[in-house]
Structure formats: C-alpha cells, structure tokens
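Below is one structure, written out as structure tokens; comments come after it.
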Ligand SMILES: Cc1cc2nc3c(=O)[nH]c(=O)nc-3n(C[C@H](O)[C@H](O)[C@H](O)COP(=O)(O)OP(=O)(O)OC[C@H]3O[C@@H](n4cnc5c(N)ncnc54)[C@H](O)[C@@H]3O)c2cc1C
C-alpha cells in the first residue's frame with residue numbers, strides 16, 4: 043500500500059513549531075522531507091527543555107518525525123549552490139524566516155521559480171508578506187494576544203488567558219498544509235507552481251469562527267465566559283460530588299433527557315429554558331438549579347446515566363489520564379518508534395486515519411545534520427567533494443556535528459594575537475614583571491586590534507566574533523603574560539558580556555559600546571575583605587534615595603582597579619536577605635566618592651594591576667542599576683560563567699607556554715651524555731602537559747560551543763575552569779622542574795609561569811568551590827535553571843526566526 047504523498051519532495055527551512063508541524067504532517071502522509079538546519083545552531087527547539095531524553099528535547103521530538111536533517115549555511119555561496127541542487131527537483135519549499143530574508147539572501151520566490159518553475163514556496167510569518175506589520179517577528183503568544191483569542195479566554199472576572207499550547211502556531215501549521223495540498227492540486231491542472239503567503243494572525247483570526255461572527259453580525263464585544271459557551275447552554279464545567287466534569291447539552295431534545303435524569307422535568311417546558319436561545323438568555327438562573335442537583339452524585343454515576351441517555355459529557359482528564367484512556371489507546375494515538383539514542387521513543391499518533399494509504403512513521407526525528415552527507419551524495423556530490431566541504435565547515439557549515447578544527451577567521455585571530463604577543467609583550471615582560479609595572483599601552487594596542495570586544499556584537503561596537511574566538515584570544519595572550527589576559531577576562535568576560543546579557547538598551551549604548559571599542563575599560567567588583575567564596579557575606583550597601591542609590595563599602599582584589607573607567611559593583615540593597623539582597627550597579631570612576639589603591643607584593647600577576655576600590659557615599663543613578671533589585675547574585679554568577687571561561691582559556695595558554703618552553707629546553711640541555719628529553723621521567727612530565735593541554739582546550743571549546751548555541755553552561759564552564767587551572771599549575775610546576783635550577787630564576791620564563799599559575803586556582807571560584815560544584819551536579823544536588831536573560835547566541839545577526847513560541 044503506497045502512502046498518499048509518496049513522490050512529493052519538500053525542502054523544509056522552517057524552525058520551531060508552525061512550519062515543522064506542517065511538514066511533519068506531510069511527512070506522515072508520505073512526502074520526503076529534508077529539514078535544513080542552521081549550520082551552527084540547528085532548530086532552536088532542540089535546546090528547549092527540559093524535558094530532554096538522551097540529549098533530545100521533547101519539544102523538538104513532537105514535530106519532526108518523518109524527516110531527514112541536513113545542515114547548511116544559506117548565506118555562503120557553496121551552501122546556496124547545494125540549496126539550488128535540492129530545489130531543482132523539489133516540489134515544495136517551506137520557510138518561516140522574517141519577511142524579506144530569503145530575498146535578501148538571493149533565494150526568494152523569483153529565484154526559486156527560475157530554478158524550478160513548478161516549485162511551491164510556502165512562507166509562514168507572524169503577519170504576512172504585506173501590511174504595516176509585515177516586518178515584525180511573529181510569536182504565538184503575541185498572536186494569541188493580538189487576535190483577540192486571549193481576551194475571550196479565561197474567567198469572566200479574571201485576566202485574559204492564553205491557551206495551554208501554542209495553538210496559533212498549530213492552526214497555522216494546519217492551514218499551511220491545506221495551502222500546500224491545494225497548490226499541488228492547482229499544479230496538477232496547470233503545471234505551474236506558486237507562492238503561499240501564510241500569516242499566524244490571519245490563521246488565528248480565521249479560527250475564531252463563531253466568536254468572530256458573533257461580533258461581526260451581532261456588533262457586541264464577545265466577553266470571557268470561563269468554561270461556558272457563548273451560544274449554547276448548559277455547555278460548561280459542573281461540580282459534582284467528587285470533582286468536576288464537562289456537560290455539553292447541544293439541543294432541546296438532549297436538554298429534555300438531561301432534565302429527566304436530574305429529576306427536574308418541570309424545566310423542560312418552562313418558557314425560560316425550553317429552547318437553547320432562552321437558556322442562553324437565562325443562563326444565570328438556570329445554571330444554579332442544575333448545579334444543585336449535580337452535586338448529589340459522583341462523576342462515574344453521572345457519566346453512566348448520561349452515556350445511557352446520549353447526553354454529551356466527559357471527565358476533565360490530566361494528560362497522563364488521557365494517554366491511558368482505552369479510547370485513546372484503541373485509536374493508536376500513542377505510537378512507539380525507533381530512535382538511535384532513545385529506545386522505544388513514544389510519539390503522538392497521527393489523527394489522519396486513511397483507509398487506503400494509512401500514515402506511517404518511517405523516520406525517527408532526525409539527529410542534527412544526521413543525513414547531511416547522504417543527501418549531498420544524492421544530489422551528486424562525490425565523497426571527495428563532501429570531505430572537502432567538511433574541511434571548510436565555515437562555508438558549507440556543520441556537516442559534522444562536532445568540528446575540532448578552527449575556522450579560517452579563528453585561525454587568523456590566533457595568528458594575529460600570537461604575532462602581537464611575540465612582538466610587543468615577550469620582549470618587555472621580564473622587565474615589567476620585575477618592576478611590577480602595568481603597561482597601559484598594551485590595552486590601547488588591543489583596542490586598535492579590536493580585541494577588547496572580540497565577541498561583542500558589531501551593533502554594540504564589537505568585532506561580532508563567536509565566543510570561542512574570545513577563548514583563542516585569551517589563550518594566546520596568556521602565552522605572553524597573565525596580566526593582559528586578565529585584563530581581557532575582566533573587561534570583556536566579567537564586565538562587557540554582563541552588560542550585553544543584562545543591560546538595558548540605554549546602558550548598552552552608554553557603557554557597552556565604548557567598552558567594546560576599548561575606549562573605556564571595565565572592571566568587576568564583587569570580592570570584599572570579608573566576602574570571597576561566600577559572596578552573600580558582603581557588607582557594601584546601596585540605599586535608595588530618590589533617583590539615586592547611595593553606595594558605601596569597599597572591594598578588594600579588584601583587577602584593573604586603577605585602570606578601569608567603569609566598575610560593575612555589587613552591594614546589598616537588603617542586608618537581611620543574603621543572596622537575594624544583592625543588587626548590581628554600573629559605577630563610573632569619576633563618580634564622587636570612588637577611590638582605588640593597588641596591592642603591591644603579589645606572588646604573581648606582577649605586571650598586572652590588582653587592588654582595592656573604596657566607595658564613600660557614592661551617588662549612583664537608578665538608571666545605572668543593572669537588572670532588578672535583588673538580582674545581583676544571579677547577575678554576578680552569570681558574569682562568572684563568562685569570566686571563568688576566559689580564565690580557563692588563559693590556563694590553556696599557560697599549559698601551552700610551559701610545554702613550549704620545556705620542549706625547547708629538553709633539546710638544549712644535556713645530562714649523562716644525552717638531551718634531557720631522552721630521560722623517561724622528563725618525558726613523563728612533557729606527556730602530562732601534552733595530555734592536559736588537549737583535555738583543557740577541549741573543555742574550554744565545549745563551554746564556548748554551548749555559549750554559541752545560547753545554552754546555559756555553568757556546569758561545563760566550571761569544569762573547564764577547575765581542570766584547566768589545576769592542570770596549568772601542575773604544568774608550570776613541572777616546567778620549572780624540567781629547567782632545574784635555571785627554572786628557579788627569571789632568566790627563563792617558567793618561574794613567572796609558576797607564580798602566575800596560582801591566582802587562577804584561587805579567583806573566580808577556588809579549586810575547592812569548583813570541586814564541590816561538580817560533586818553536587820553529579821549527585822543531583824545542584825541544577826541550573828534557565829536565566830531571565832540568557833547570553834545571546836552566536837551568530838548575533840541571525841535573529842531571523844519569525845516564530846518563536848516557547
Ligand atoms: C589576583 C587576583 C585577582 C582577583 N580579581 C578579582 C576581581 O577582579 N574582582 C573580584 O571581585 N574579585 C577578584 N579576586 C578575588 C577572588 O575572586 C577571591 O579571592 C576568591 O573568590 C576567593 O575568596 P577569598 O580569597 O576570600 O578566599 P576564601 O573564600 O576566604 O577561601 C579561603 C579558603 O577556604 C576554602 N573554602 C571557602 N569556602 C569553602 C567551601 N564552601 N568549601 C570548601 N572550601 C572552601 C577556599 O577554597 C580557600 O582555600 C581576585 C583575586 C586574586 C588573587
């Protein structure tokens with residue numbers, strides 16, 4: 043038995059719900075669906091959870107079976123060429139980018155039609171391809187609000203309420219299906235393809251059916267009726283002896299039978315209730331009479347009586363009750379499929395029961411990019427060409443889910459920083475370190491090279507590169523010296539990225555833009571003399587006084603204390619509320635009452651600037667409060683997710699530097715007639731450095747990839763920071779050992795490495811704090827919840843999603 047849509051080929055560019063739901067239905071009916079996913083991130087619903095099972099999100103699984111997945115960069119020429127090959131013999135393209143996006147990429151309907159005159163392009167947007175709102179993004183929630191649906195949902199005296207699922211997306215998916223099937227039929231008759239313009243708002247308005255008509259015909263504003271029906275009575279939820287049930291009396295005959303069961307026969311011919319119209323008009327007197335009687339019996343007994351007399355009624359199920367209902371099971375509305383990672387994956391069955399061509403689940407919801415290579419082969423690419431494409435993954439994009447190679451852009455940044463370190467830091471660092479001198483010119487040069495805002499979006503003055511490029515910058519800088527890596531860590535990781543994540547637009551314009559350009563320098567003031575690991579023990583206070591907060595207190599061990607123009611300062615707005623009493627502020631050095639003083643005599647970071655910040659009656663405008671009052675602890679911890687990431691990357695650089703210096707020395711120094719590198723115990727130290735370099739770098743890049751994908755990464759970043767910093771300390775220690783007595787003087791750089799390697803094991807969460815965190819994660823005592831403001835995912839300019847229902 044063939045499937046209804048066998049032979050129909052769909053290229054699915056849609057993400058999230060409406061589009062994928064539509065293409066899943068077409069896939070169920072037999073169409074071949076190729077889901078094209080973003081080459082770095084994939085369908086965003088892959089990250090929407092919990093619940094996740096074996097790494098797959100339940101949300102993604104609900105709308106993506108019977109598809110294959112390939113990844114493609116539609117902005118790159120090579121990606122466009124692959125797309126052209128796919129479209130050439132496709133029937134349908136479905137997309138939900140914002141209006142004009144495909145045209146912008148040169149992939150609009152005109153172009154598709156040139157490649158294939160039979161192509162049908164279904165474009166789903168929030169508001170359609172025309173009208174004043176055509177450029178606005180469409181969110182199911184907004185559509186539920188703007189269509190009037192929320193206003194007619196909920197209790198009469200309550201607030202407007204949204205439906206419990208993304209119903210506007212679902213209805214839009216169904217309408218898109220109808221549009222596509224109609225266009226296929228039209229093509230059958232005429233041979234021509236066409237464009238289908240589907241808007242969430244239009245679909246939801248159309249689905250207002252009688253409510254819309256009530257207004258259009260009756261000219262009265264429909265009201266919220268809770269669980270009642272606007273045009274039928276009694277048709278609502280009733281309370282019975284042991285709970286609630288729905289009774290839906292649809293006509294006068296049913297009403298008569300219903301009254302007899304309730305022993306209220308006198309109502310049948312009562313002119314106030316004899317017809318549906320009179321019952322709707324006299325609902326307020328009728329319902330209490332019925333309700334009184336219904337309280338006298340149980341759900342089960344009423345159900346039996348009503349079923350016997352054909353009165354529509356039903357229990358109000360929970361979802362689990364519904365899925366265990368014999369009727370639901372008999373209709374095969376739960377199906378079990380195969381999945382490479384999830385044994386017996388349960389999915390919702392199809393409601394389309396076709397007698398001659400029944401729907402079939404042929405493919406599990408595909409893994410990200412699962413069939414990329416296979417599909418490329420199908421459209422004619424050779425194995426050699428596919429291999430070549432994999433190498434250039436920045437262009438074709440993510441053919442493999444994991445890519446351990448740097449992109450061309452990352453390689454060129456790495457080379458740039460390495461050259462800069464070799465030419466401008468290495469020749470001077472011994473002297474600066476001896477003199478405990480912080481060289482401000484280095485920060486100016488880093489700004490000129492656009493390295494002070496490397497992962498800040500271009501719209502905020504940064505270079506707009508990905509988060510792993512920041513790691514590469516930190517790794518290479520630490521090779522030179524920890525002082526300048528620390529400067530980037532604090533300025534970009536702890537301060538600028540926190541403004542990016544939590545700042546208002548005004549704060550971003552005022553503080554982030556100059557910081558990203560390196561014109562102003564940012565620092566981070568959390569630690570106090572009595573509050574290090576135990577942040578909530580802080581004593582600094584912020585008291586609201588009109589349009590200002592008055593800040594008092596002192597911060598210690600603050601990197602860049604004498605250099606920074608802006609400080610992120612954390613202070614208690616509510617002293618008794620521990621963590622929840624902490625609030626974050628942007629404080630300018632020029633504010634009256636701010637003073638700083640460097641700490642001298644440090645073990646390491648001698649070429650760096652670290653010290654105290656004193657706050658005496660500092661007037662900070664309310665507009666400089668970052669986030670809400672009491673949100674400071676969360677903001678500080680999310681800042682540390684980024685700071686720790688850069689510290690871990692720096693530690694990778696320190697391991698690399700220790701290894702580089704040790705290998706060089708192994709070939710220079712001879713004992714017992716041979717290079718010391720030939721002694722196995724020396725080799726053991728070198729081997730350990732090599733292994734730890736690789737392990738640490740992988741952990742850092744994993745955390746960076748999660749940041750790029752917009753995923754919470756506290757656990758992974760903490761692990762990277764802990765392991766990399768411990769390994770760097772060990773590597774520097776061994777590097778001194780490899781150098782023998784020469785390693786003990788600053789004639790060789792390794793003694794500085796050892797001194798510099800200690801602070802990162804202390805700051806941004808001590809070794810012990812990270813150990814405890816990892817133990818707690820593993821034991822299930824700690825879990826990360828989504829933040830109110832997540833760090834923006836990368837690429838930053840790709841917020842093209844038209845539909846983002848959550
Ligand atoms: C060079 C340098 C630069 C710094 N830069 C900044 C900066 O820019 N901004 C900023 O705000 N801060 C900065 N700090 C401060 C740094 O973050 C803190 O030093 C760090 O958080 C540890 O706090 P503490 O020194 O008070 O140690 P404590 O918290 O007093 O810890 C002392 C010891 O007790 C252990 N310990 C504490 N609590 C626990 C626990 N629950 N379980 C197990 N062991 C525990 C610790 O691991 C440590 O071994 C910097 C520090 C240094 C050294």
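In my numbering, the protein residues as written are 43 to 848. The beta carbon of each residue, even a glycine, is placed where N, CA and C say it ideally should be.
Inter-residue distance for residue 114 and residue 82 is about 9 Å (C-alpha atoms, whole angstroms).
As a beta-bridge residue in DSSP terms, residue 79 pairs with 113. Residue 625 and residue 676 have their alpha carbons spaced roughly 9 Å apart.
With 16 or more other Cβ atoms inside 10 Å of its own Cβ, residue 504 counts as buried.
Between the alpha carbons of residue 300 and residue 371 lies a gap of roughly 30 Å. Residue pairing by DSSP places residue 52 opposite 75, 134 in a beta bridge. With a beta-carbon spacing of about 7 Å, residue 409 and residue 382 fall inside the 8 Å limit used to define contacts. At the C-beta level, residue 277 and residue 260 stay beyond 9 Å of one another. Here residue 192 has 186, 202, 203, 204 as same chain residues with Cβ atoms under 7 Å from its own Cβ, once five neighbours each way along the sequence are excluded. Out of 367, 420, 682, 307, the CA that lies nearest to the CA of residue 130 is found in 420.
Proximity of the beta carbon of residue 805 to ligand 1 is indicated: a heavy atom of the ligand is located closer than 8 Å. In this structure, the alpha-carbon of residue 253 lies about 7 Å from that of residue 264.
Taking 8 Å as the upper bound for CB-CB distance, residue 522 and residue 467 are in contact here, some 4 Å apart.
The beta strand (DSSP E) runs of length 3 or more contained entirely in the region 620-644 are, from start to end of the chain, 624-630, 636-640.
At least one heavy atom of ligand 1 sits closer than 8 Å to the Cβ of residue 600. Leaving aside the five residues that flank residue 237 on each side, the residues in its chain whose CB is nearer than 6 Å to its CB run, in chain order, 151, 163. As far as DSSP is concerned, residue 369 takes part in no beta bridge. Looking only at 776, 810, 808, 805, the smallest Cα-Cα distance to residue 794 is reached by 776.
Fully contained in the region 245-326 are the following beta strand (DSSP E) runs of length 3 or more, in chain order: 277-282, 285-290. For residue 696, the CB stays at least 8 Å from every heavy atom of ligand 1.
The C-beta distance from residue 645 to residue 830 rounds to 39 Å, too long to meet the 8 Å contact threshold. According to the DSSP assignment, residue 215 belongs to no beta strand (DSSP E) but to the alpha helix (DSSP H) extending over 209-232. Of the other Cβ atoms in all chains shown, 16 or more fall within 10 Å of the Cβ of residue 742; this residue is therefore buried.
The residue from 339, 413, 514, 296 with its alpha-carbon nearest to that of residue 318 is 296. Straight-line measurement puts the Cα of residue 247 at about 34 Å from the Cα of residue 314. Classified as exposed, residue 722 has fewer than 16 neighbouring CB atoms from the shown chains inside 10 Å of its CB. Annotation: residue 275 to residue 289 spans about 10 Å, alpha carbon to alpha carbon.
Only residues of its own chain outside the window of five on either side were considered, and among them 687, 755, 758, 759, 762 have a CB closer than 6 Å to the CB of residue 745, listed in chain order. Counting along the chain, residue 680 sits inside no beta strand (DSSP E); it lies in the alpha helix (DSSP H) bounded by residues 674-710. Comparing C-alpha distances from residue 543 to each of 449, 579, 682 shows the shortest one belongs to 682. Put simply, of 386, 71, 568 the residue whose alpha carbon is nearest the alpha carbon of residue 392 is 71. In the DSSP secondary-structure assignment, residue 586 is bridged to 591. When DSSP assignments are scanned along the region 719-775, no uninterrupted stretch of beta strand (DSSP E) that is 3 or more residues long falls wholly within it.
Around the beta carbon of residue 211, a 10 Å sphere encloses 16 or more other beta carbons of the protein chains shown; the residue is thus reported as buried. Under DSSP, residue 238 forms a beta bridge with 164.
The beta carbons of residue 98 and residue 88 sit closer together than 9 Å.
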